[in-house]
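Trainee:
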Amino acid sequence: MALRGTFSSRAGFIAAAAGSAVGLGNIWKFPFEVERGGGAAFVVMYLVFAFLLCFPVMVTEIAIGRKTNKNPVAAFGSLGFPKWNLIGKVGTFCGVLILSYYNIVAGWALGYLIEMLMGNFDIGNQFSQAQVGAGEYYYAGDILKVVVYSIIFMWMTSYVVGKGISGGIEKAAKVLMPSLIIMLFCMVGYALTLPYAMDGLKYYLIPEFGEINASSIGGALRQAFFSLSLGMGTLITYGSYLSKKENIVSASALITLADVAIAFIAGLMVFPLIAFNNSGDLTNLVSGPGLLFVNLPNAFGSMGPGIGVAVGSFFFLLIAFAALTSTVSLLEVPVAYVVDELKVKRKKAVWLVAGVIYLVGIPSLLGNGASEFFTYAFKLPASSDFLSLAAQLSDTLLLLGGFFIVTFTAYVWKRENFNAELAQGFDGFENSLVSKFLNIAISYICPFLLGLLFIVVLLSNFFGINLI
Ligand code: PFF
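For what it's worth, our numbering labels the leading residue of the sequence shown as 89, then goes sequentially.
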C-alpha cells in the first residue's frame, strides 16, 4: 500500500478532486445551459440537483475507493464481488475515451494561448464551422499545429501524473486551483467594466421560468454529472489515496460547491465578453466550442493590441489550467490500474497509457475537418464526426456507471458497510441527518434518476428518440 502513494493533506485532496471537476465543461458549457434553461432559476435548480443526485454519488465513489485502496477495476472484487469489477472496466474505458478527445480540445486552448500571445486574434475566424450539424467544428488553420499542441498537452498531463499523488497531482492542483480562482475573479472584474457588460449579465441571469421544462432539467442533471467527474471511478481512484482520518462527507460537499460556484462565476466572465463582442445583441449565439474558439478571440481583438494580448492570453491560460487538472485525473484512472494490477512502475505506466490514449484520440483529431471519413461517417442523430461519437458514448456510459455504482453500494455491498466507512473521520455520522439523506439517496433517488436519465440519453443520442 505504501507504494501506491497518498494525498498528504485534506486541502490537497479537495484541490485535486475539485480540479478534476472544474474543467472545460464549467467554462463554456455551464453558462449556456443556464441561459437556455431559464437564467437564475436554473442555477438554483442546478444546485439542488448537484446536491440531490451528484453529491451522494461522489460520497459513494470516494467511500469505495478509500475502503479498498484500489483502482476502480479491482475495487469491487476487493469488497468480495469480483463480477462487479465490470463497472470499473467500463469506467476505465470511459476514462480513456474521454481523455482521448478532451486532450484535443485542451490542446486547442493551449494553441490559442500562443496565438493570443502573438496577437493573432484572427484565429477565431480560421476556426470555422462546418455545415454538417451541431457540434461540428474544425480548426481550419493547420492540422499540424493541432497535433503539436495536443502532444504538448498530453506531455504536461503525463509529467504531472508521473510524479505521483502527493508530489504530482496534489502539488499541481495546489498551485493551479488557487491561480485559477484568482484569474477568474480578475477576469470577471475586468469583463464587468466593458461596454454592454450589463446586457450580458441580464441575458445570463434574468429568470425565465417558462424555459424550465423536462428537457432543460434533464440537461442540467447530465451536465452536473459530467461536471463533477462522476460515473467512471475517478473519485474511487482519488478516494483510494485518501487517509482514514478525513471526513468524506464534508469534503464531497465542498468539492460539489466549488464546482458549481466556479461554473457560475465563469458565466459572469463569459457573458459580458460576448455582449461586448456583439455590441449588446445576444440573439444569435453559437454555443459550445464555437463560443470559446470563435467568438471570444474577436472580443479580445477589439480591445486593442496591448490589452487584447494580455486579456486573451490570460483567458486561455485560465482554460488550460482548468483543463489540466481534469486531464490529470482522467489519466490517473487507467494508470492506477496498470500500476496496481500489472505491476508496472508509475513512470513507465504513465507514458505507455498516455501513448495509447493519444492514438485512440487520432480519429477525433482528424474528425474536425481534416479527414472526410472521421468528420462525416459516424451518423448520429445530432452529429457525424468521431469526436462527437466519443463524447456522446462516454456521456451515456457515465450515467450507466453511476447507476451501477450506487445500486451496488446500496444493495450488494450494503448500506451498513457504506455507513461504517463514512463514520471514519466523521464522529456522530450514524445519527446525523446527512446520513439519513445519503442512505435514502443511494437506495432510491440516485438509482431512479440515473436509470431514467441513462435511458433518455441513450435513446436521444443514438436513436434520435426524444422522450423529454
Ligand atoms: N469534470 C470535467 C469537466 O467538467 O470538464 C470533465 C471530467 C473529468 C469528466 C474527469 C470525467 C472525469 F472523470
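Cβ coordinates follow ideal geometry from the N, Cα and C atoms, glycine included.
Rounded to whole angstroms, what is the Cα-Cα separation between L430 and D210?
Mentor: 48 Å
Trainee: So, does the stretch 381-393 touch the stretch 352-369, judging by three or more C-beta pairs under 8 Å?
Mentor: yes
Trainee: So does F409 have its beta carbon nearer than 7 Å to some heavy atom of ligand 1?
Mentor: no
Trainee: Please report the distance separating the alpha-carbon of A106 from that of L486.
Mentor: 18 Å
Trainee: Reducing DSSP to helix, strand and coil, say where D230 ends up.
Mentor: In this structure, DSSP gives D230 a state outside helix and strand, which the three-state scheme calls coil.
Trainee: With DSSP collapsed to three states, give me the class of S328.
Mentor: coil
Trainee: Report back the beta-carbon spacing between A411 and A194 to the nearest angstrom; my notes put them in contact at under 8 Å.
Mentor: 4 Å
Trainee: Throw me the rounded Cβ distance for the D473 and G455 pair, which I believe falls under 8 Å.
Mentor: Cβ atoms of D473 and G455 come within 8 Å of each other, at about 4 Å.
Trainee: With a threshold of 8 Å, are at least 3 pairs of Cβ atoms found where one atom belongs to the stretch 144-163 and the other to the stretch 177-189?
Mentor: Touching, yes.
Trainee: Excluding the five sequence neighbours on either side, which residues of its own chain have a C-beta within less than 6 Å of the C-beta of L481, listed in chain order?
Mentor: none
Trainee: Measure the alpha-carbon distance for V358 versus I115 and round it to whole angstroms.
Mentor: 8 Å
Trainee: Can you list, in chain order, the residues of its chain whose CB lies under 6 Å from that of P144, leaving out five sequence neighbours each side?
Mentor: Excluding residues within five positions, the ones whose Cβ falls inside 6 Å are L526, A529, I530 and C534.
Trainee: State the start and end residues of the unbroken alpha helix (DSSP H) segment that holds I257.
Mentor: Segment: none, I257 is in no alpha helix (DSSP H) and carries neither H nor E.
Trainee: Near F551, what residues of its chain come up, given a Cβ to Cβ distance below 8 Å and the 5 sequence neighbours on each side ignored?
Mentor: P469
Trainee: Could you tell me if the beta carbon of F120 falls within a distance shorter than 7 Å of some heavy atom in ligand 1?
Mentor: no
Trainee: Going straight from the alpha carbon of V234 to that of P360, what length do you get?
Mentor: The alpha-carbon atoms of V234 and P360 are separated by roughly 29 Å.
Trainee: Buried or exposed: which applies to A424, given that a residue is buried once 16 or more other Cβ atoms fall within 10 Å of its Cβ?
Mentor: buried
Trainee: Based on Cα-Cα distance, which residue from L167, V494 and L316 lies nearest to A104?
Mentor: L316
Trainee: Quick check on the DSSP output: what are the complete beta strand (DSSP E) runs of length 3 or more inside the stretch 142-212, in order along the chain?
Mentor: No beta strand (DSSP E) of 3 residues or more sits fully in the stretch 142-212.
Trainee: Which residues in the same chain as T94 place their Cβ atom closer than 7 Å to its Cβ, once the five residues preceding and following it in sequence are excluded?
Mentor: Counting only Cβ-Cβ distances below 7 Å, and skipping sequence neighbours, we find I253, S254, Y329 and S331.
Trainee: Taking buried to mean at least 16 other C-beta atoms within 10 Å of its own C-beta, is P266 buried or exposed?
Mentor: exposed
Trainee: Going by alpha carbons, who is nearest to A129 out of S304, I186 and A458?
Mentor: S304
Trainee: For the stretch 275-287 against the stretch 435-445, are there 3 or more C-beta pairs whose distance is under 8 Å?
Mentor: no
Trainee: With a threshold of 7 Å, establish whether the CB of M320 neighbours any heavy atom of ligand 1.
Mentor: It does: the Cβ of M320 is within 7 Å (strictly closer) of some heavy atom of ligand 1.
Trainee: Run through DSSP, which three-state label would I269 get?
Mentor: helix
Trainee: Can you check the stretch 295-321 for any alpha helix (DSSP H) of at least 4 residues that lies completely inside it and give the ranges in chain order?
Mentor: With a minimum length of 4 residues, the continuous alpha helix (DSSP H) runs that stay inside the stretch 295-321 are 302-315.
Trainee: By how many angstroms is the C-alpha of G368 removed from the C-alpha of V421?
Mentor: 44 Å
Trainee: With a Cβ-Cβ cutoff of 8 Å, do T245 and L419 count as a contact?
Mentor: yes
Trainee: Does the beta carbon of A109 fall short of 7 Å from some heavy atom of ligand 1?
Mentor: Taking 7 Å as the cut-off, one finds at least one heavy atom of ligand 1 near enough to the beta carbon of A109.
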